[in-house]
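So the protein sequences, as listed, match chains L and X. If you read the first sequence in this note's numbering, its first letter stands for residue 135, the second for the next number, and so on. If you read the second sequence in this note's numbering, its first letter stands for residue 680, the second for the next number, and so on.
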Amino acid sequence: MANVRLENVVKMYGKKTAVRGVSFACQEGEFFSILGPTGAGKTTILKMIAGIESITSGKIYFNERVVNELPPQERNVSMAFETYNLYPHMSVYENVAFPLRAPRWKMKLTPEEERKRVEEITGFLGIDKLLDRLPQNLSGGQKQRVSLARALVRRAEVYLLDEPIAHLDAKLKFSTQTLLKEFAQKYGSTIIYVTHDFREALALSDRMIVLRRGMVEQEGTPEEIYYSPKTDFVGRLVGDPPMNFIDGVLTTKGGKTVFQKDDFTLVLQGELLKRAESAGIEREGTNLIRLGIRPEHVRLHTERISENSFQLPIYAIIHENESSVVTFRLKDVFLYVRTTGFCKYQKSERVWLDFDPKWMFFYRKTVEISQEGSSEK
Amino acid sequence: MSTFGKIIFWVITLFVLFIIVAPLAWIYLTAFKAPNDIFTTDVKKLVFFKFTSENFQRLFREFPFWPNFVNTIIISAASTVVVLVISALAAYSFARWNTGRGHLLFTTISTRMFPGVVAAIPFFVLYRNLGLLDTRFGLTLLHIYFNTSFATFLLYGFFKEIPEELEQAAMIDGYSRVDIFRKIVMPLVRPGLAVTAVFCLVWSWNEFLFSFLFTRVTARPVTVLISSFWGSIEVQYGPMAAGAAIVILPTLVIAWFMQRYIIRGLTFGAVKG
Chain L
135 MANVRLENVV KMYGKKTAVR GVSFACQEGE FFSILGPTGA GKTTILKMIA GIESITSGKI
195 YFNERVVNEL PPQERNVSMA FETYNLYPHM SVYENVAFPL RAPRWKMKLT PEEERKRVEE
255 ITGFLGIDKL LDRLPQNLSG GQKQRVSLAR ALVRRAEVYL LDEPIAHLDA KLKFSTQTLL
315 KEFAQKYGST IIYVTHDFRE ALALSDRMIV LRRGMVEQEG TPEEIYYSPK TDFVGRLVGD
375 PPMNFIDGVL TTKGGKTVFQ KDDFTLVLQG ELLKRAESAG IEREGTNLIR LGIRPEHVRL
435 HTERISENSF QLPIYAIIHE NESSVVTFRL KDVFLYVRTT GFCKYQKSER VWLDFDPKWM
495 FFYRKTVEIS QEGSSEK
Chain X
680 MSTFGKIIFW VITLFVLFII VAPLAWIYLT AFKAPNDIFT TDVKKLVFFK FTSENFQRLF
740 REFPFWPNFV NTIIISAAST VVVLVISALA AYSFARWNTG RGHLLFTTIS TRMFPGVVAA
800 IPFFVLYRNL GLLDTRFGLT LLHIYFNTSF ATFLLYGFFK EIPEELEQAA MIDGYSRVDI
860 FRKIVMPLVR PGLAVTAVFC LVWSWNEFLF SFLFTRVTAR PVTVLISSFW GSIEVQYGPM
920 AAGAAIVILP TLVIAWFMQR YIIRGLTFGA VKG
């Protein structure tokens, strides 16, 4: 097992920069996720760690040893590709056994030992019935699990998993996540996990980074990422429904500092005011600011409960298993509110909304939000 | 398809078929005919005649058919093997590392862009000085020279088809470049190699120009022998047809067995599984 450290790593493809100075450290035995939308540079980072993509500048360390120039064979990493990359002329068994047979690892397993290892991991992933098939006769989900099995069959210093469960159906996704977690704990493996799905990252990681256009937007534990997103981008990427944003200005009204969007105002005091002022909003002479709050931190009431409560009619209600999502419309933006239990309100009913001051965040606007509420993908 | 369309389809198909089959049929029929039946004006005798193996007997008895045939086998087989080794490595290098940034690949292919005769004279002078005229080795070398460019070009496409990530996966799995070439690349490119081998073999087998110019007696391939039946005084149709009948047989057999492979090989890039 190894720890992996990236120091200001840059990757350029010709004149296009794919990764712009990424630094992070993944501890030994840590489950570390890289979350980001398509094209953020996640796979590129993984390939640079694996050694199959050269590094334009910066350094990658394994156990504090620079590995920039080491070819993949000498890094002792293991990787599951998003595109599977199964060897088409080999059966599932041969594919999974292939890393075990490489002369470099000097494993020299007997055929029985080899079969035991292959059957263990394929049984673990539920593909032990497919061992004699060729990759071309497998479904996407099966191929993905074979590729995962091939990556996990060997004890490597670092496991690099690129969207390893993206193409599994919902049920398998869940069970495979459990298996991965079990695997990580059983062998104390260092795992770097790339995904675009925040649920996977939150569910699996010890720590994670959020990547945006080749730069680290935030690093932290899943809890930190979810509950205190550093930027509006992180807030929008993580969570479903995503974080609510209201773009307004800071002004003074009757001696108090308020957040204002048209006729919607919120009085800011104490800690909240400090937070708003430190959001770094003084830009080009405007005091534009973006207020962010997660759907579960908005409370609904039948009567006014605080100075900042405001009343809106319900636009729509979506009932989910354990909770409901109530949608409101505040001017040009949708506000999503998650209520636990069954929602007792009716559509079009006017209810009081109250933002939990503890969970209100202020950001500089860096993401455009369209009418439909979709964010930058 | 309308009835008219069907008729047109079959007329064209039969016409094409006739053009392809007629010469072959003529060769095989003529090969078994006595001289009188070859030159008769009786249309019926074109197909119905008395079978005779006299042409074949004459071919083996009066002409050096057998040694020449062996020459053809040796030269085409040897050149094909060497060509495959050279061009597989070259094509892999061009496809994977873009060796020479395309210029080298173009240079290689360009050796096929001028008429062979242009190269014949300098080669002839060179061969005369080196004492390679009328040797199997010399002719094999020439065939290697001409086939390598074409084979490299063909194989280049096949190697290009193999995703680079597949090789990267094998690197991560701990295999060296050589092992990857042996265990991943070669098995995947095998259909391409088969197609290329067939093309090289057939070209070399049928090659006439250089064989005619560079050999006289010892290294003479069978194509040159067959052409010699077309003399200035008379044309010996019987032995000529008999020789041709034997010589084209292997090519026909290969084409028959390999047709599925060849078609798949040529459309390799077009229909990706």
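All C-beta atoms in this analysis are idealised placements derived from N, C-alpha and C, irrespective of residue type, glycine included.
Straight-line gap, residue i to residue j (C-alpha atoms, nearest Å)
| i | j | result |
| --- | --- | --- |
| L/Leu345 | L/Ala214 | 20 Å |
| L/Tyr272 | L/Leu425 | First, the amino acid is wrong: residue 272 of chain L is Leu here, not Tyr. Going by the C-alpha atoms only, they are around 48 Å apart. |
| L/Glu208 | L/Phe165 | 22 Å |
| X/Glu710 | L/His223 | For the sequence presented, residue 710 of chain X should be read as Ala rather than Glu. Approximately 46 Å, taken between the alpha carbons. |
| L/Gly173 | L/Thr151 | 11 Å |
| L/Glu483 | L/Val467 | 18 Å |
| L/Ile168 | X/Ser766 | 43 Å |
| L/Met146 | L/Thr190 | 6 Å |
| X/Phe694 | X/Ile686 | 12 Å |
| L/Ile326 | L/Val392 | 44 Å |
| X/Phe727 | X/Trp884 | 32 Å |
| X/Val700 | X/Phe688 | 18 Å |
| L/Ile503 | L/Val401 | 24 Å |
| L/Arg409 | L/Met494 | 9 Å |
| X/Tyr806 | X/Leu820 | 11 Å |
| L/Gly148 | L/Ile448 | 51 Å |
| L/Arg498 | L/Val156 | 22 Å |
| X/Gly952 | X/Asn747 | In this predicted model, X/Gly952 has a pLDDT of only 37, less than 50, meaning its place in the structure is not dependable enough to derive any value. |
| X/Gly948 | X/Val932 | Residue placement at X/Gly948 is poorly supported in this model, since its pLDDT is 46, which falls under 50; the coordinates are not used for a value here. |
| L/Lys511 | L/Leu294 | For L/Lys511, the predicted model reports a pLDDT of 39, less than 50, meaning its position is unreliable and no value from the coordinates is stated. |
| L/Leu487 | L/Phe462 | 10 Å |
| L/Ile439 | L/Cys477 | 19 Å |
| X/Ser828 | X/Phe860 | 21 Å |
| X/Leu867 | X/Ile841 | 7 Å |
| X/Val950 | X/Gln915 | Reliability of the predicted coordinates at X/Val950 is poor, the pLDDT of 37 falling under 50, and no value is obtained from them. |
| X/Pro918 | X/Lys839 | 47 Å |
| L/Leu243 | L/Glu141 | 38 Å |
| X/Glu844 | X/Ala770 | 18 Å |
Proximity of residue i and residue j at Cβ, strictly below 7 Å
| i | j | result |
| --- | --- | --- |
| X/Arg815 | X/Ala898 | yes |
| L/Tyr227 | L/Val201 | no |
| L/Pro298 | L/Leu282 | yes |
| X/Leu763 | X/Phe773 | no |
| L/Arg288 | L/Pro233 | yes |
| L/Ile261 | L/Arg279 | yes |
| L/Pro363 | L/Leu336 | no |
| L/Tyr221 | L/Asn229 | yes |
| L/Gly348 | L/Arg154 | yes |
| L/Val432 | L/Phe489 | yes |
| L/Gly275 | L/Gly163 | no |
| L/Ile380 | L/Lys390 | no |
Three-state secondary structure assigned by DSSP to residue i
| i | result |
| --- | --- |
| L/His121 | In this structure chain L extends from 135 to 511, so residue 121 of chain L is not present and cannot be described. |
| L/Ala79 | Because residue 79 of chain L is not part of the residues shown, which for chain L are 135 to 511, the question remains open. |
| X/Gly871 | helix |
| L/Pro447 | strand |
| L/Ser191 | strand |
| X/Tyr824 | helix |
| L/Gln311 | helix |
| L/Gly507 | Here the model assigns L/Gly507 a pLDDT of 45, short of 50, so the residue's position is not dependable and the matter cannot be decided. |
| X/Gly781 | helix |
| L/Asp331 | coil |
| L/Arg154 | strand |
| L/Ser482 | coil |
| X/Ala949 | With a pLDDT of 41 at X/Ala949, under the threshold of 50, the modelled position of that residue is not reliable, and the figure given next carries that caveat. Coil. |
| L/Pro491 | helix |
| X/Ala769 | helix |
| L/Gly382 | strand |
| X/Lys724 | helix |
| L/Ile293 | One point to set straight first is that residue 293 of chain L is Tyr, not Ile, in the sequence displayed. L/Tyr293: strand per DSSP, three-state reduction. |
Contact belief for residue i with residue j at Cβ below 8 Å, rounded distance in angstroms
| i | j | result |
| --- | --- | --- |
| X/Leu888 | X/Gly817 | That belief does not hold up - the Cβ atoms of X/Leu888 and X/Gly817 are roughly 14 Å apart, past 8 Å. |
| X/Thr894 | X/Asp813 | 5 Å |
| L/Ala184 | L/Pro206 | 6 Å |
| X/Phe837 | X/Gly871 | 3 Å |
| L/Val143 | L/Met182 | 6 Å |
| L/Gly373 | L/Phe332 | 7 Å |
| X/Ile925 | L/Ile186 | Not confirmed; about 54 Å, so no contact. |
Cross-chain neighbours of residue i in chain C, by beta carbon under 8 Å
| i | result |
| --- | --- |
| L/Thr312 | Considering every chain present, this structure includes no chain C. Its protein chains are L and X. |
For the region 689 to 703 of chain X and the region 716 to 729 of chain X, state whether three or more C-beta atom pairs, one from each stretch, are separated by less than 8 Å. no
Using 8 Å as the threshold, is the region 468 to 475 of chain L in touch with the region 442 to 458 of chain L, meaning 3 or more CB pairs across them? yes
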